[in-house]
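Below is one structure; the comments refer to it alone.
Protein chains: 2
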Amino acid sequence: MKSASQPRDRGIPEATVARLPLYLRALHGMAERGVATVSSEDLAVAAGVNSAKLRKDLSHLGSYGTRGVGYEVEYLVYQISRELGLTQDWAVAIVGVGNLGRALANYGGFVSRGFRVAALVDADPEVVGDTIAGLNVEHIDELEAVIKRRGVSIVVLATPAAAAQKVCDRVIAVGVTSILNFAPVVLSVPESVDVRKVDLSIELQILAFHEQRKAGGPLMAVDGQ
Amino acid sequence: MKSASQPRDRGIPEATVARLPLYLRALHGMAERGVATVSSEDLAVAAGVNSAKLRKDLSHLGSYGTRGVGYEVEYLVYQISRELGLTQDWAVAIVGVGNLGRALANYGGFVSRGFRVAALVDADPEVVGDTIAGLNVEHIDELEAVIKRRGVSIVVLATPAAAAQKVCDRVIAVGVTSILNFAPVVLSVPESVDVRKVDLSIELQILAFHEQRKAGGPLMAVDGQ
DNA sequence: CCGACTTTGTGCATCGGTTCACAAAGGGAT
DNA sequence: ATCCCTTTGTGAACCGATGCACAAAGTCGG
Chain P
1 MKSASQPRDR GIPEATVARL PLYLRALHGM AERGVATVSS EDLAVAAGVN
51 SAKLRKDLSH LGSYGTRGVG YEVEYLVYQI SRELGLTQDW AVAIVGVGNL
101 GRALANYGGF VSRGFRVAAL VDADPEVVGD TIAGLNVEHI DELEAVIKRR
151 GVSIVVLATP AAAAQKVCDR VIAVGVTSIL NFAPVVLSVP ESVDVRKVDL
201 SIELQILAFH EQRKAGGPLM AVDGQ
Chain E
1 MKSASQPRDR GIPEATVARL PLYLRALHGM AERGVATVSS EDLAVAAGVN
51 SAKLRKDLSH LGSYGTRGVG YEVEYLVYQI SRELGLTQDW AVAIVGVGNL
101 GRALANYGGF VSRGFRVAAL VDADPEVVGD TIAGLNVEHI DELEAVIKRR
151 GVSIVVLATP AAAAQKVCDR VIAVGVTSIL NFAPVVLSVP ESVDVRKVDL
201 SIELQILAFH EQRKAGGPLM AVDGQ
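Protein sequences, first through last, are from chains P and E. Residue numbering for the first sequence follows full-length UniProt numbering, beginning at 1 and increasing consecutively. Residue numbering for the second sequence follows full-length UniProt numbering, beginning at 1 and increasing consecutively.
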């Protein structure tokens, strides 16, 4: 590579960004198994995508492959990690320590690469003060203070639906611009804030739709038996 | 296509299907608040989308609005529910009763409309036999039997990554064709099987990417204070 | 050093989805 | 009954993403 000094286009397609973590995971697996280089074809299979798409995705980060050979696994891991911002570590706060919040706090893959659960916050006096996954649960009144003190830049909302918007507003007010929302509500946020939503019931409903189609066929009995 | 007798085109765009649950949720809220009719503009705002998109989405189900007035809330709820297959009830099995599986089993919104957690399955003898969310946890050896006995048609995978593919193969072998996968692996399944993936760490990585761009700008300080 | 072979990177056609903008359709007032 | 006002439903332009197919670029054996 010659002038590879500034490969980042500053304009990576959203669809590509969403797939990079997938490639990264596949590459990590390969690195662990001692694979040194990989072709776009093999990596594509491992990531469950088509190889042309994979090559185009990677081409957005720069020209990191060698024609006739493939990609060097370690190097590609580094480049993708870097592009995704995983070379620094991100402090994450989880707000809402119900069943889901607890599960997230204990979730291994969460904490693994680049991310660190730095704070747990809840409103219920019953759980405030408890230690979960080695962390003290702090009171929601302390929300702003905790976020600043721990340098939190990503907030995970695992609160009940009714509380989500309020918490959201508060964390935005102290400068948080990235939110992962598990509460089943549409959050209203300024343009500059990034919200990603994970909604279990929506996923189920989409599955049900397709399942119904498959089961039903041309004419289905809607009859209860 | 003239004969509008069969408004369902049998070809609803995937993007539309993914938004219908959103509209449905907004409509349920309105119905509870006693709203009788709603314009595409208002519903769009409530669902967080653009009104033209909403109208086009709804037009795929049929012509259920009244020009100059809007949509009748109750009626629209029914039509969307019907289209999504929520008028019947779906038996869901959760495989893997770790932190996440437990959270899912207890998740209210899960069980609410159309879905019913019908079985919990795990491999750990420690938890088999426990009662969680009113359900007995059954042993993974019973997987096939349980699925058949309870009429499960949707399986939620909340197992460790290493176990997911095996469980997946087994449930497919007994006829399951809809899977919601929380394990961080790419499942390999036949064409006919529908897999949706929820991956917490991928969502975080996407957020980190954007956060980095925002924070970083041209040259960023990675300094921890 | 050359020629055959492999695999990348990408131009181009295509496709699905989004958005605009407006004619058609209905309600309500006069 | 007629006209005006509101809001739907959709044709058409646009935009981003996908996938094909191939030239360019590199490796490796002889």
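Using N, Cα and C, we set each Cβ at its ideal position, and we do this for glycine too.
CB contact below 7 Å: residue i versus chain P
i, result
"E/N177", "As written in the sequence, residue 177 of chain E is Thr, which differs from the Asn given in the question. Closer than 7 Å: yes."
"E/K53", "no"
"E/A208", "yes"
"E/N181", "no"
"E/A145", "no"
"E/A15", "no"
"E/P160", "no"
"E/G134", "no"
"E/L157", "no"
"E/A18", "yes"
Interface partners of residue i on chain P, CB under 9 Å
i, result
"E/A163", "Under the 9 Å cutoff, chain P gives no residues; its nearest Cβ is about 14 Å from E/A163."
"E/L104", "N99, L100, A103, L200"
Cutoff 7 Å: residue i Cβ touching any chain E Cβ
i, result
"P/L58", "no"
"P/E203", "yes"
"P/S153", "yes"
"P/G27", "Looking at the sequence itself, residue 27 of chain P is Leu, so the reference to Gly does not match. No, P/L27 lies away from the interface with chain E (no Cβ there is under 7 Å from its Cβ)."
"P/G48", "yes"
"P/P21", "yes"
"P/A91", "no"
Per-residue contacts from residue i into chain E (C-beta, under 7 Å)
i, result
"P/K214", "T177"
"P/G114", "A208"
Run of the beta strand (DSSP E) containing residue i, from where it starts to where it stops
i, result
"E/D141", "Where E/D141 is concerned, there is no enclosing beta strand (DSSP E), given that its DSSP letter is neither H nor E."
"residue 230 of chain P", "A query on residue 230 of chain P cannot be resolved here, the shown segment of chain P reaching from 1 to 225 and no further."
"P/R196", "194–197"
"E/I179", "178–181"
"E/V156", "154–157"
9 Å Cβ cut-off: residues of chain E touching residue i
i, result
"P/D194", "I206, L207, H210, E211, K214"
"P/R150", "Simply none; closest approach about 11 Å."
Neighbour-count burial assignment, residue i, 16 or more Cβ in a 10 Å radius
i, result
"E/T141", "According to the sequence as given, residue 141 of chain E is Asp; it is not Thr. Classification for E/D141: exposed."
"P/D124", "exposed"
"P/N181", "buried"
"P/N50", "exposed"
"P/S188", "exposed"
"residue 238 of chain E", "Look at the range of chain E in this structure, 1 to 225, and you will see that residue 238 of chain E is not part of it."
"E/N99", "buried"
"E/S178", "buried"
"P/G85", "buried"
"E/P184", "buried"
"E/E191", "exposed"
"P/R67", "exposed"
"P/R116", "exposed"
"E/S63", "exposed"
"P/T87", "exposed"
"P/V156", "buried"
Delimiting residues of the alpha helix (DSSP H) encompassing residue i
i, result
"P/A173", "161–173"
Listed by chain order, chain P residues near residue i by CB distance under 7 Å
i, result
"E/G85", "A208, F209, E211, Q212"
Contacts that residue i makes with chain P (C-beta to C-beta distance below 8 Å)
i, result
"E/G96", "Simply none; closest approach about 11 Å."
4 or more residues per run - each alpha helix (DSSP H) lying fully within the UniProt DNA-binding region "H-T-H motif" (22–61) of chain E: Annotation: the UniProt DNA-binding region "H-T-H motif" (22–61) of chain E contains the following complete segments of the alpha helix (DSSP H) (minimum length 4 residues), in chain order: 40–47, 51–59.
Could you pull out every unbroken beta strand (DSSP E) segment of at least 3 residues lying fully inside the stretch 92–124 of chain E, listed in chain order? Counting only runs of 3 or more, we get 115–122.
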